[in-house]
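A quick write-up on the structure given underneath.
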Amino acid sequence: MSAPADHEAQEQTYTMGYNEEFQVLLRRRSAANNAAHLLPKLSSGMRVLDAGCGPGTISMGLADAVAPGEFIGVDIEESQVEMASAAASAGGHKNAEFQVADALNLPFESDSFDVVHAHATIMHVPDASAAVAEMMRVLKPGGIISSRDMILSSCFTEPRHGDFDNAWHVFGKLLSANGGHPEMGKEIKGVLHAAGFSDISVSASFECFAAKEDVDFFHGFAQGWFFADQTMAAAQKLGVASAEDMDRWRDLLDQWQADPAAFATIAWGEALGVKPG
Ligand SMILES: C[S@@+](CC[C@H](N)C(=O)[O-])C[C@H]1O[C@@H](n2cnc3c(N)ncnc32)[C@H](O)[C@@H]1O
967 MSAPADHEAQ EQTYTMGYNE EFQVLLRRRS AANNAAHLLP KLSSGMRVLD AGCGPGTISM
1027 GLADAVAPGE FIGVDIEESQ VEMASAAASA GGHKNAEFQV ADALNLPFES DSFDVVHAHA
1087 TIMHVPDASA AVAEMMRVLK PGGIISSRDM ILSSCFTEPR HGDFDNAWHV FGKLLSANGG
1147 HPEMGKEIKG VLHAAGFSDI SVSASFECFA AKEDVDFFHG FAQGWFFADQ TMAAAQKLGV
1207 ASAEDMDRWR DLLDQWQADP AAFATIAWGE ALGVKPG
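The numbering used here runs 966 ahead of the 1-based position in the sequence shown.
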């Protein structure tokens, strides 16, 4: 098993960080909502790996879908693995276990998993092709890779108040500066093809924030996470936004929340591919 990454060093290279404001977004996730493209492919007895499992909210549904098959979730960050392990114990997901590991150096034998899944992980790994190659290594011949990553250029907050769209652009620049891939959701077909996967299928979907409680959630999340001191400091250090920009966008976000037409989405690209036999 790889050694846990130093928390502060990891936060410098992983754009989203591990603060409570970002965790609330992950806690809204589930296999039904976030891995709908994969669920029909799962059956009892399969051995499944979830790479970059975070707090495990998607993992639990995947584990249930293959029970009593073995489900393993890995994350480079120890605090996430602890949360996922606690959730598995509390929820009685007896076939699920979690451990610290780097997606670039998985501590598993080659040809040993039926499915390797990665939700919002490949987009954060600087050498995305190396991560996909490592996932392919641990898949059995005929095994399935499954991914879902953001398509930043298709995300929106509507109506467009002032220059708020520039806040989305700054988010993309922060992701890129950390070696991430803001458009991975639409690049993934090419990445899987280059890695040698066959039977590749891709789709795209929107995570919508339109009902009042979802608009309020999106507003609270953006104010609490994107406009947090740490993110603002990173944007200013990179020279991609000033304190005045951030103050203006914060006000525009308040205006958006109060607008009865408020509607936001996060756009995702999903992919499945088969390791040739
Ligand atoms: C945006 S979160 C997604 C978590 C979870 N899959 C979800 O969608 O709710 C990305 C996760 O990938 C993890 N991660 C980033 N780089 C990684 C790497 N090289 N190996 C393993 N995990 C990694 C981060 O620690 C983080 O928990």
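For each residue, glycine too, the CB sits at the ideal point set by N, CA and C.
Since the model is a prediction, treat every value here as computed from it, not as a measurement.
For Q1189, is the beta carbon positioned less than 7 angstroms from some heavy atom of ligand 1? no
Do you know how far the Cα of A1086 is from the Cα of L1141? 12 angstroms
Sorted by chain position, which residues of the same chain lie with C-beta nearer than 7 angstroms to C1121's C-beta, five sequence neighbours on each side aside? W1134, T1231, I1232 and A1233
Spatially closest choice to I1024 from L1008, Q1046, N999 and E1044, by CA coordinates: N999
Starting from the N-terminal side, write out each stretch of the alpha helix (DSSP H) that is 4 residues or longer and does not extend beyond the stretch 1077-1165. 1094-1104, 1131-1143 and 1150-1161
If you measure from the CB of N985, is any heavy atom of ligand 1 nearer than 7 angstroms? no
Is the closest heavy atom of ligand 1 to the C-beta of Q1196 under 7 angstroms? no
Kindly indicate the opening and closing residues of the beta strand (DSSP E) around W1234. F1229 to V1240 is the span of the beta strand (DSSP E), which, as asked, contains W1234.
Tell me which residue opens and which closes the alpha helix (DSSP H) that F1074 is part of. First-last for F1074: undefined, no H or E at that position.
On the criterion of 16 or more Cβ atoms from any shown chain inside 10 Å, does C1174 qualify as buried, or is it exposed? With fewer than 16 other Cβ atoms within 10 Å, it is exposed.
Confirm the yes/no value for this check: CB of F1146, any heavy atom of ligand 1, distance under 7 angstroms. The displayed chain sequence assigns Gly, not Phe, to residue 1146. Checking every heavy atom of ligand 1 against the Cβ of G1146, none is found closer than 7 angstroms.
How many angstroms separate the CA atom of H1159 from the CA atom of E1063? 31 angstroms
Looking at the secondary structure, which residues open and close the alpha helix (DSSP H) in which E1179 lies? From DSSP, the alpha helix (DSSP H) with E1179 extends over K1178 to F1187.
Local Cβ density within 10 Å of G1164, reported as buried at 16 or more and exposed below that: Contrary to the premise, residue 1164 reads as Ser rather than Gly in this sequence. Looking at its Cβ environment, which holds fewer than 16 other Cβ atoms inside 10 Å, S1164 is exposed.
Using the beta-carbon count (16 or more within 10 Å), is L1118 buried or exposed? buried
Best match in R1103, G1057 and H1003 for proximity to E1236 [C-alpha to C-alpha]: Ranking R1103, G1057 and H1003 by Cα distance to E1236 puts H1003 first.
So, with DSSP's three-state summary, where would you put F1175? strand
Going by beta carbon distance, what residues of the same chain come within less than 6 angstroms of L991, once the five residues before and after it are set aside? F1187
L991: first and last residue of the uninterrupted alpha helix (DSSP H) it sits in: In the DSSP assignment, L991 falls within the alpha helix (DSSP H) that extends over E986 to R993.
Are M1080 and M1012 close, meaning C-beta to C-beta below 8 angstroms? Sequence check: residue 1080 is Asp here, not Met. Yes, they are a contact pair.
Counting C-beta neighbours from all protein chains within 10 Å, is the total for Q1196 16 or more, i.e. buried, or is it exposed? exposed
May I ask you to check if the CB of V1091 is nearer than 7 angstroms to at least one heavy atom of ligand 1? The answer is yes for V1091.
E1063, DSSP secondary structure in three states: E1063: strand per DSSP, three-state reduction.
What span of residues does the alpha helix (DSSP H) with A1001 cover, start to end? Here A1001 belongs to no alpha helix (DSSP H), and DSSP marks it neither H nor E.
Between A1133 and chain C, is any beta-carbon pair separated by less than 8 angstroms? Here there is only one protein chain, and chain C is not present.
Determine whether the beta carbon atoms of A1084 and M1102 lie at a separation below 8 angstroms. no
What would DSSP say about G1243, mapped onto helix, strand or coil? coil
How would you label Q1238, buried or exposed, when you count the other beta carbons within 10 angstroms and need 16 or more for buried? For the sequence presented, residue 1238 should be read as Leu rather than Gln. Under this definition L1238 is a buried residue.
Inter-residue CB distance, N1061 and P1034 (contact presumed, cutoff 8 angstroms): 5 angstroms
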